[in-house]
Amino acid sequence: MDPAGVFAVRYAQDRALVRTRKQWLALALFLGALAVLPMVVGPRLIAVANIMLITGIVVVGLQICTGYAGQVNLGQAAFMGVGAYTAAVLAEKTGLSFLLTIPLAGVAAAGFGFVFGLSAARIKGFYLALTTIAAQFIFHFAVLNLPGSWLGGSNGATVPPATLFGYRITSDTSLYYLILISAAIMVSGAFGIVRSRFGRAFVAVRDDDVAAGIMGINVVATKATAFLVGAFYAGVGGALWAYMLRFVAVDQFTLFNSVFFIAMIIVGGMGSVVGALIGVFVIRAIQELITTLGPELAANFPFLGGDIVFASMNVFLGGVIALFLIVEPKGLMHRWNIVKSGYRLWPFPY
Amino acid sequence: MSHPRTSGLAALAAAAGLASALAVPGAALAQTTYGVALLSDYSGPYADIMPMLGKSREAVLDWWNAEVGAKLGVKLNYKNFDTRYDAAQTASLWPGIKSEMKPIVVLGLGGPDVAALGQRLPDDGVPLFMSTAGYGYAWKPDSWIINPRPTYAHEHAAAFKWLKAQRGGSQPLKVGIISSEASPAYVDIARGIERYAKDNPTEIQIVETVFTEVQPTDLTTQVRRLVRGGVEVITIQTNTAAVVATKRALQALNSKVPVITSSHNGLPASGKAAGGLNQMEGDYEAYGMGIASEEDTPARRFYEKLKADYKLAAPWNVLTLMGMSQGLYTVRVVEHAIKKHGAQNLTGAKVRETLYAEPVTTEETFGTLPTLKFAKEAPFPIEGLKVNVATIKGGNYVTAATNVDTPTVNKW
Amino acid sequence: MIIDFVNYAINGALLGLLYAMIAMGFVVIYRASKVFNFAQGELVVLGGFLQWWMVISLGLPMYIGIPLAFVLAAVVGLLIERIFFARLVGESVFAMVMVTIGLLVLLRGVVLLAFGPQVRPFPIVFPLQPLVIGELLIPTNLLWGGVLTVVMAIGLSWFFNRTRTGLTMTAVAEDHQVALSMGISVKRSIAFAWVLGCLLSTLGAVIFLSGKSLNFLASEIGFAALPVALLAGLESIGGLLLAGVIVGVIQGLATAYLDPLVGGAVGSVLPFVIMLLILLVRPTGLFGWRTIERV
């Protein structure tokens, strides 16, 4: 809802995402802060930011597929892996520039996702969620058993660094900018998708796919498209991951990772792109906090022991996720929206 | 009587004492400190070995600082980082480690460290010293990842050669492999052994490679196929659960075929998981490190010293020894580098250069490792590699063979 | 040759029945509360550790230790329901399912904290010597496991379909709101589901791990049992027997004949492929409820 005194007089204004001058200013400041981040914070936080941004891209894709279209997808890490391997193989074997390999990786992952999307036409609900788990196992098996010259097999795939006009993008800061620009493009694309007719079709199918079909929406195509888009995002994220680590192995994309992605959209709030980003930030921040505090705690309280401190991290993280669901099942975005409208409406209660 | 003289002498003695007392901290103050980063796993799949491996390498560093480094004017500061055995976690920790500690060497734990850091280390200029055997996928020339042991395939190839010699005869040794697809590292080991078999058909013949889960439900039928195929030894380098499942299968089949394991799923650990060391009677373990048996060896004596003087609280087993070996060869290389380049301005690159220039003798590592002569072709020494074999005899964990030569294994 | 084939098939079928026992945990929880429990594998590990604790760590004799472990498992199930699910009655089922995802991470941490990451030996509940009939070799624990699975499946199936309590729980599985409005205590149903789920996973742990070793990575079996649950259909307990046998036989034969051919673990991935194919033909599994969706 808009702040008091703000109303739209043109259709474009009504449809806009950024509605007031102040919001433009806030957005500009935020983007500016992101742009100068490497110069302000230490190298560890830049590396953390890199991983957060890549995970953000993947989770935004998952949000489109699961949050907006209601197709629970537990194979997002496998799609990310497909993208990573595609980028690795293309970069190593054909020497294409990253400007081409990253979109191609997204396309390859989207193809893989499309196949599962077609199965979504027949399989619904929990069954679908669980068949996407099959994607994880099939991916794992395929990579390890296809001939080593194709995907590296058990050796994994090494990736040459991304180069731009001869400059090797290998340092954390240069990777940060590459990832930031990609993330900006993908996230603004996501905003566009969810506001378009596709986004509305996704939401219709999520709410009631039989009714949507009756109204004339091609439900099969919509579900397949949701998977396709979600997988494309995962593929792009995977390609960036490949360029960052420069070594791709199948155990970087496990079922546990997929579960964590779902946890991130739950915490952030399903059905909101910004929510996905918030979820990624909160969960990774907690993980990093515990990893940083852990050695300090273990050093200062030796009776605790390293293994207790670090095992507690799992308990804490799992507890946080469960707590969120019990206390605020609609996620942080919902809380934030309540706070925001409370602020705008004050002193009125509603 | 001689009051004034004694008081004068006393004053002189006091002055001398004071001067020397002032000089000693002065000498201690002229100390350079360098950072050593320790990558650990406290909450992932290998968390159970950290109390032994982690503590022992820290104890070695304490020992070196006190007894060797103090004389050379160098102190090695170390700090543990929990990587959860996850490449992503290691990758995100590394820039912070680099800037905070400016390490000259990093002590790694396993595959994820290699995956996360392998490509970055040449640019960052810090060598990664591992404690485990080498991996096939990290077998590259000019590597900044250093393994003091050859690959797992090498280690068991040496053991197969020894077993064949023990058995006598010229027929190739029939070998069964129990592996798992749960991790690429496990598949990598199996492929290595398969390659060795292909190149040396007179040495070993692989009956079958059995893939199973991380926690196998039942291996009786698979093991029966192996036994029917005439296996003489079954190699298991994945984990203790696989060893226990295979032993149960062999017991169910009343078969006497021995099992041969590696260091991370060795006889004591597998025995404990199977309910007693006597369950592993007649089985073997083989790896390129010292054996942590009850015999009196230089390694054992060094362990006792660490326990007595440096508060090492870990029990005497292969994992403690692995940590000791990792700590020892690291500090010896640093020691060589100090002697070569001086105590000031040491860098990771200089440490690595010294590694190639000067071998680390087995005496320097108290027998925990053979003499290591590194070369740029591979992350591990490719010549002069030796393997030790242990077994359980009469319920006791004893050494069966030491310094078995390792055959050549081609890269797969 | 033929006898080998038969042996592989029988052993595969028994392994499939073990998966069916673990899948029964999934299905029972789903059948009584409409919640799909992602953390079932972790419950198996927890049940296994409770057994270890009682029999090996505390040294109690098996005929006291094992039943005591079952009692503790039931208490754990009640605790889980009380802490996490009691508050969620009336919320969307989706939220409850996501809580089980949180449980997955949390239970792993609890197991690590309470029992440590070391590999532990597991008590030898069933005799180690397999049953030998001529050339056939059948592991005793799997044989007993198969018998227990069949008995439990028939018993629970009768319970859910023929007794009054079971039918009220079936109502909860259909729709929480409708059940509430008819005066059925959804909370009690969910509590029962979790207690039974924990008991079944402990039983599964006993069969799976008897005589072998245990560590927290054993939770993988939860996902390996998934194809059986889906193939049977998430609401069908009796159907688990058939689904278990089908998946088990296919996996057993594939591991025996295809693995050496391909040089990889085909046997582990084939159940998922089969499951995918069958779900495409019958989207709710072989015996699952075919709901009619109304707009």
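Chains as they are written, first to last, in my numbering: chain A, 1 to 350; chain B, 351 to 762; chain C, 763 to 1057. Where a beta carbon is used, it is the ideal one built from N, C-alpha and C, also for glycine.
Buried or exposed (CB count within 10 angstroms, at least 16 for buried), residue i
{"i": "R682 (chain B)", "result": "buried"}
{"i": "V41 (chain A)", "result": "exposed"}
{"i": "S854 (chain C)", "result": "exposed"}
{"i": "D646 (chain B)", "result": "exposed"}
{"i": "R284 (chain A)", "result": "buried"}
{"i": "A4 (chain A)", "result": "exposed"}
{"i": "F256 (chain A)", "result": "exposed"}
{"i": "Q939 (chain C)", "result": "exposed"}
{"i": "W24 (chain A)", "result": "exposed"}
{"i": "K340 (chain A)", "result": "exposed"}
{"i": "I185 (chain A)", "result": "exposed"}
Beta-carbon proximity list for residue i, same chain, < 8 Å, skipping 5 on both sides
{"i": "T862 (chain C)", "result": "V797, F798, N799, F800 and A801"}
{"i": "G153 (chain A)", "result": "V143, L144, N145, L146 and P147"}
{"i": "H691 (chain B)", "result": "K700 and T704"}
{"i": "V187 (chain A)", "result": "G56, I57, V60, V273 and L277"}
{"i": "A725 (chain B)", "result": "Y706, P731, I732 and E733"}
{"i": "F114 (chain A)", "result": "A224, F227, L228 and A231"}
From the options, residue whose alpha carbon lies closest to that of residue i
{"i": "V748 (chain B)", "options": "B:P757, B:V754, B:L669 and B:N738", "result": "B:N738"}
{"i": "E997 (chain C)", "options": "C:L1039, C:A933, C:G774 and C:V1035", "result": "C:A933"}
{"i": "A183 (chain A)", "options": "A:M39, A:A49, A:E328 and A:K340", "result": "A:A49"}
{"i": "A636 (chain B)", "options": "B:N760, B:A658 and B:T752", "result": "B:T752"}
{"i": "E1055 (chain C)", "options": "A:A211, A:L175, A:S312 and A:I181", "result": "A:A211"}
{"i": "A204 (chain A)", "options": "A:G192, A:A226 and A:T101", "result": "A:A226"}
{"i": "L403 (chain B)", "options": "B:R702, B:A658 and B:N667", "result": "B:N667"}
{"i": "V327 (chain A)", "options": "C:A955, C:M858 and C:I784", "result": "C:M858"}
{"i": "P462 (chain B)", "options": "A:F165, A:P329 and A:A249", "result": "A:A249"}
{"i": "P566 (chain B)", "options": "B:K548, B:R545, B:V537 and B:T596", "result": "B:T596"}
{"i": "G995 (chain C)", "options": "A:P160, A:V159 and A:G125", "result": "A:G125"}
{"i": "S819 (chain C)", "options": "C:A876, C:V833 and C:Q891", "result": "C:A876"}
{"i": "I556 (chain B)", "options": "B:E582, B:Y536 and B:G616", "result": "B:E582"}
{"i": "W241 (chain A)", "options": "A:A16, A:L53, A:V320 and A:R21", "result": "A:L53"}
{"i": "F79 (chain A)", "options": "A:G70, A:A91, A:L90 and A:L62", "result": "A:L62"}
Residue i in three-state terms, based on DSSP
{"i": "Q555 (chain B)", "result": "strand"}
{"i": "Y660 (chain B)", "result": "coil"}
{"i": "T585 (chain B)", "result": "strand"}
{"i": "Y428 (chain B)", "result": "strand"}
{"i": "I732 (chain B)", "result": "coil"}
{"i": "T163 (chain A)", "result": "strand"}
{"i": "G199 (chain A)", "result": "helix"}
{"i": "A88 (chain A)", "result": "helix"}
{"i": "N326 (chain B)", "result": "Only positions 351 to 762 of chain B appear in this structure, which leaves residue 326 (chain B) out of reach."}
{"i": "D2 (chain A)", "result": "coil"}
{"i": "D646 (chain B)", "result": "coil"}
Cβ-based neighbour list, residue i, same chain, cut-off 6 Å, excluding 5 preceding and 5 following
{"i": "G542 (chain B)", "result": "G486, T501, A503 and W762"}
{"i": "G67 (chain A)", "result": "I265, M270 and G271"}
{"i": "L942 (chain C)", "result": "V948"}
{"i": "R966 (chain C)", "result": "Here residue 966 (chain C) turns out to be Gly, not Arg, going by the sequence shown. Hits under 6 Å: M783, I784 and V806."}
{"i": "R1044 (chain C)", "result": "none"}
{"i": "T383 (chain B)", "result": "K425 and N427"}
Anticipated Cβ contact below 8 Å, residue i with residue j, distance rounded
{"i": "T670 (chain B)", "j": "H686 (chain B)", "result": "Incorrect: roughly 25 Å between the Cβ atoms, too far for contact."}
{"i": "I1059 (chain C)", "j": "T930 (chain C)", "result": "Chain C is shown only over 763 to 1057; residue 1059 (chain C) falls outside these bounds and no answer can be derived."}
{"i": "I584 (chain B)", "j": "T562 (chain B)", "result": "Going by Cβ atoms, the distance from I584 (chain B) to T562 (chain B) rounds to 12 Å, so no, they are not a contact pair."}
{"i": "V455 (chain B)", "j": "P472 (chain B)", "result": "Between P472 (chain B) and V455 (chain B) the Cβ distance is about 15 Å, and since that is not below 8 Å, they are no contact."}
{"i": "M480 (chain B)", "j": "A387 (chain B)", "result": "That belief does not hold up - the Cβ atoms of M480 (chain B) and A387 (chain B) are roughly 13 Å apart, past 8 Å."}
{"i": "A397 (chain B)", "j": "L662 (chain B)", "result": "No, A397 (chain B) and L662 (chain B) are not in contact; Cβ-Cβ is about 19 Å, not under 8 Å."}
Nonlocal neighbours in the same chain, by C-beta distance under 7 Å from residue i, ignoring five residues either side
{"i": "L1015 (chain C)", "result": "Y770, A771 and G774"}
{"i": "P889 (chain C)", "result": "T902"}
{"i": "A8 (chain A)", "result": "D14"}
{"i": "R335 (chain A)", "result": "E328"}
{"i": "A1027 (chain C)", "result": "D1021"}
beta-carbon residue i near the ligand FAD non-hydrogen atom, thresh 7 Å
{"i": "A725 (chain B)", "result": "The ligand FAD is not among the ligands present in this structure, which contains no ligands whatsoever."}
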